[in-house]
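Single-structure report; data block below.
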Amino acid sequence: MAELKFTKDHECLYVDGDLAWVGITAYAKDALGDIVFVELPDIGKSLSKGDSFAVVESVKTAADVYSPVDGEVVEANDNMPGDLDLIAKPVKDGGWIAKIKMADASQVSGLMSEAEYQDYLKTVD
Amino acid sequence: MIDKTALHSNHLKHGAKMGEFAGYDMPLYYELGVMKEHEWVRESCGLFDVSHMGQAMIEGPGTLDFVHKIVPSDFSKLPEGQTKYTVLTNEQGGIIDDLMITHAGPDHYHLVINAGCKYKDMDWIKKHLPSSLKFTYFEDWALLALQGPKAEEVLKSVVGMDAADMPYMAMRPFEDMFVSRLGYTGEDGFEIAVHNDKAPALFEKLLAHPAVKPIGLAARDSLRLEMGYALYGHDIDDKTSPVEASMNWILSKERDGYFGSARIRKEQAEGPSKKFVGIKLLEPGVAREGAEIRNGSDQKIGGLTGGGFSPTLKASIGQGYVTPDLAAVGTKLFVNVRGKNIAAEVVRLPHVAAKTKSAKKKEAA
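Heads up: the sequence lines are chains A and B, in that order. Residues in the first sequence are numbered consecutively from 743, following this note's numbering. Residues in the second sequence are numbered consecutively from 86, following this note's numbering.
Below, the structure written as structure tokens:
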């Protein structure tokens with residue numbers, strides 16, 4: 743069953759079986775401001791939970807995107823650097839940066855649900 | 086203890102995201118965001134609080150000789166009411182600060198110095214100041230920058246000052262203000278020195294004009310990067326000479342005897358060991374301060390001291406130091422970002438053509 747999961751670093755995951763489509767949340771996009779470039783990971787890159795696998799560059803700053811799970815990059819959103827409007831979209835509607843094949847799909851159970859993430863946002867800022 | 090300018094509550098009122106800069110709690114950006122603020126300045130008129138910068142006066146008979154001791158530029162022919170950009174040099178020819186000096190009146194020279202350098206500058210100046218001269222620091226004066234193609238029109242309609250005949254780099258007293266036609270954006274515009282007591286009302290009055298929006302330090306930085314202007318502590322410091330910093334244009338051709346002149350003369354004759362250049366990325370990516378600059382053999386030949394995305398060019402630009410043999414415009418290089426080499430080339434500065442008063446005149450001619 744597909745579901746959305748969230749991290750404290752403001753990554754958003756669309757979980758589909760053992761595949762996690764990973765992007766950043768609306769809150770993160772708003773905090774970064776005008777996004778001007780996304781550095782994508784190489785396909786086949788093996789990731790441990792917490793590894794930086796992509797960088798989102800805004801006019802203001804560069805922000806790392808961290809893998810919320812162990813796994814391997816199986817697809818990167820090649821359309822994204824050329825079409826930065828995509829990053830503004832929800833993860834499952836084109837806003838994903840990479841698809842990660844999870845080594846252990848049970849890791850997502852430790853992440854926040856959308857409601858939990860909304861509550862978490864009230865504690866930041 | 087973090088300082089506040091006289092306009093601090095104005096910034097909060099206008100929804101600024103605040104952050105620390107040079108010991109001051111300053112507006113980084115307002116509701117428009119960096120990109121739109123940047124574009125607004127290029128198209129209309131932006132209002133900046135630059136009160137964190139230091140304003141001071143040196144006066145007394147022989148002030149010119151003292152000025153000529155502390156800076157490498159020539160002020161002997163500068164008419165009253167005109168300003169020059171220059172640097173304070175140390176004995177080793179390094180840059181203590183970059184600053185604006187105005188020939189304010191007979192034996193009067195007015196200084197605008199960087200926020201982060203002001204106490205260091207004042208110590209240096211006072212240490213060398215002859216007892217016959219007086220140094221005054223204007224602690225309770227604010228400085229507002231009004232920048233953009235509509236700045237002249239705004240100044241006239243809001244402040245009531247007609248600056249049509251005011252040349253670039255001129256300073257004029259107007260009522261209880263001192264208005265200078267200069268800035269840090271490459272646009273036509275003004276810096277208005279006003280007493281702290283009157284600054285908040287003036288700030289609001291200017292913002293009430295439909296052409297004016299408040300602009301934070303983030304856009305101030307992207308605007309100055311497009312112009313290739315140096316930011317002290319990043320592009321230049323007390324080790325860097327003005328020759329290395331590609332500031333030969335500010336150096337007096339005749340005069341010696343200022344602090345550090347021996348090194349500066351030597352570098353002018355023999356060439357510096359590194360040179361400040363503009364860099365443009367030829368491939369996608371963004372390179373920022375600290376990125377290594379490499380040659381075709383992947384050897385480090387310098388580094389970026391500033392860089393980012395240019396909202397005007399929609400491209401990534403930067404500036405930094407390279408070895409002199411690779412400083413020519415058009416030289417192909419690489420900028421290393423997170424371990425990856427991005428193709429780049431040396432470009433002429435500014436990245437975006439200046440539209441200051443004098444530049445406009447040249448265009449028309």
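Glycine included, every Cβ here is placed at the ideal spot set by N, Cα and C. The structure presented is a predicted model; accordingly, all values stated were derived computationally and were not measured.
task: Would you identify the three-state DSSP class for B:Y314, choosing helix, strand or coil?
output: The answer is coil: DSSP assigns B:Y314 none of H, G, I, E or B.
task: Kindly indicate the opening and closing residues of the alpha helix (DSSP H) around B:Q353.
output: Element bounds for B:Q353: S346 to E355.
query: For B:V420 and chain A, any beta-carbon pair shorter than 8 Å?
result: Not one chain A Cβ lies under 8 Å of B:V420.
message: Taking beta-carbon pairs under 7 Å, can you tell me which members of the region 119-134 of chain B lie near chain A?
response: Correct list: V119 and M120.
- request: Confirm, please, whether the CB-CB distance from B:A400 to B:K454 is below 8 Å.
  value: With chain B represented from 86 up to 450, any question about residue 454 of chain B goes unanswered, as that position is not in the structure.
message: Any C-beta of chain A within less than 7 Å: which residues of the region 162-187 of chain B qualify?
response: Listed by position along the chain: nothing, the set is empty.
task: With A:E799 as the anchor, note down where its beta strand (DSSP E) starts and where it stops.
output: Note, A:E799: beta strand (DSSP E), S794 to S800.
message: Using C-beta distances below 6 Å, list every residue in its chain close to B:L411, excluding the 5 sequence neighbours before and after it, in chain order.
response: Apart from sequence neighbours up to five positions away, the residues of its chain that approach B:L411 with a beta-carbon distance below 6 Å are I386, ordered along the chain.
message: Quick check on the DSSP output: the beta strand (DSSP E) that includes B:E110 runs from which residue to which?
response: This sequence places Asp at residue 110 of chain B; Glu is not what is there. Residues Y109 to Y114.
query: How big is the Cα-Cα spacing for A:L828 and B:F220?
result: Rounded to the nearest angstrom, the two C-alpha atoms are 57 Å apart.
Neighbourhood of B:R257 by C-beta distance below 7 Å, restricted to the same chain and skipping five residues each side: Correct list, in chain order: G166, M251 and V264.
task: Could you tell me how far apart the beta carbons of B:V126 and B:L308 are, in whole angstroms, since I believe they sit closer than 8 Å?
output: Confirmed, about 6 Å.
message: Looking at the strands, I want to know which residues DSSP matches up with A:C754.
response: In the DSSP output, where bridge partners are listed per residue, A:C754 has A:F748 and A:G765.
field: chain A within 8 Å of B:A449, Cβ atoms only
entry: With a pLDDT of 47 at B:A449, under the threshold of 50, the predicted position of this residue should be treated as unreliable, and no value is reported.
field: chain B within 8 Å of A:F779, Cβ atoms only
entry: With 8 Å as the cut-off, A:F779 counts as an interface residue toward chain B.
message: Just to confirm my understanding: we take B:I154, look at its own chain, exclude 5 residues before and 5 after, and list those with CB closer than 8 Å. What are they?
response: The amino acid occupying residue 154 of chain B in the given sequence is Lys; Ile does not appear at that position. The answer, listed in chain order, is H213, G342, Y343 and F344.
- prompt: First and last residue of the alpha helix (DSSP H) that includes B:S94?
  reply: Counting along the chain, the alpha helix (DSSP H) containing B:S94 begins and ends at H93 to K98.
- prompt: A:K747: buried (16+ other C-beta within 10 angstroms of its C-beta) or exposed?
  reply: Answer is buried; the Cβ neighbour count reaches 16.
message: Between A:V797 and chain B, is any beta-carbon pair separated by less than 8 Å?
response: Any Cβ of chain B closer than 8 Å to the Cβ of A:V797 would place that residue at the interface, and such an atom is present.
message: With a threshold of 8 Å between beta-carbons, can A:K787 be considered close to chain B, or not?
response: Residue-level contact by beta carbon fails for A:K787 and chain B, as no gap is shorter than 8 Å.
- prompt: In this structure, what does DSSP give as the bridge partners for B:G387?
  reply: Bridge partners of B:G387: B:I378 and B:V407.
query: Which runs of the alpha helix (DSSP H), 4 residues or longer, sit entirely within the region 198-259 of chain B?
result: Segments of the alpha helix (DSSP H) lying fully in the region 198-259 of chain B: 203-213 and 236-239.
query: Helix or strand or just coil, what does DSSP make of B:G415?
result: DSSP, reduced to helix, strand and coil, places B:G415 outside both helices and strands of the structure shown, so it counts as coil.
- request: Alpha carbon to alpha carbon, how far is B:E276 from B:G108? Give it in angstroms, no decimals.
  value: Straight-line Cα distance between these residues: approximately 21 Å.
- prompt: In terms of alpha-carbon separation, which member of B:V172, B:F259, B:H193 and B:M262 lies closest to B:S217?
  reply: Selected option, being the one with the closest Cα: B:H193.
Test item: CB-CB of B:G356 and B:P409 under 8 Å: Yes, the pair counts as a contact, with Cβ atoms nearer than the cut-off.
task: Give the straight-line distance between the Cα atoms of A:S790 and B:K442, rounded to the nearest whole angstrom.
output: If I take the Cα positions, the gap works out to 56 Å.
message: With a threshold of 6 Å on Cβ separation, who are the neighbours of B:K324 within its own chain once the five nearest residues in sequence on each side are excluded?
response: Non-local beta-carbon contacts of B:K324 in its own chain, meaning distances under 6 Å to residues more than five positions away in sequence, involve G179 in chain order.
N- and C-terminal bounds of the beta strand (DSSP E) containing B:M142: Run containing B:M142: G139 to E144, per the beta strand (DSSP E) assignment.
First through last residue of the alpha helix (DSSP H) which encompasses B:M120: That run of the alpha helix (DSSP H) goes V119 to E128.
query: Can you find a C-beta in chain B that's less than 8 Å from the C-beta of A:K802?
result: For A:K802, the answer is yes, since a Cβ of chain B falls inside 8 Å of its Cβ.
- prompt: Taking the DSSP output, what are the residues bridged to B:L366?
  reply: B:A429, per the DSSP bridge assignment.
field: Buried/exposed call for A:T767, threshold 16 Cβ in 10 Å
entry: A:T767 is buried by the Cβ-count criterion.
- prompt: Counting Cβ pairs closer than 8 Å, one from the region 287-307 of chain B and one from the region 141-158 of chain B, do we hit at least three?
  reply: Fewer than three Cβ pairs drawn from the region 287-307 of chain B and the region 141-158 of chain B lie within less than 8 Å of each other, which leaves the two stretches out of contact.
field: Residues that A:D776 contacts on chain B, provided the C-beta gap is smaller than 7 Å
entry: Per Cβ cutoff of 7 Å: G118, V119 and M120.
query: What residue from B:N281, B:G233 and B:K283 has the CA that sits closest to B:R266's CA?
result: Selected option, being the one with the closest Cα: B:G233.
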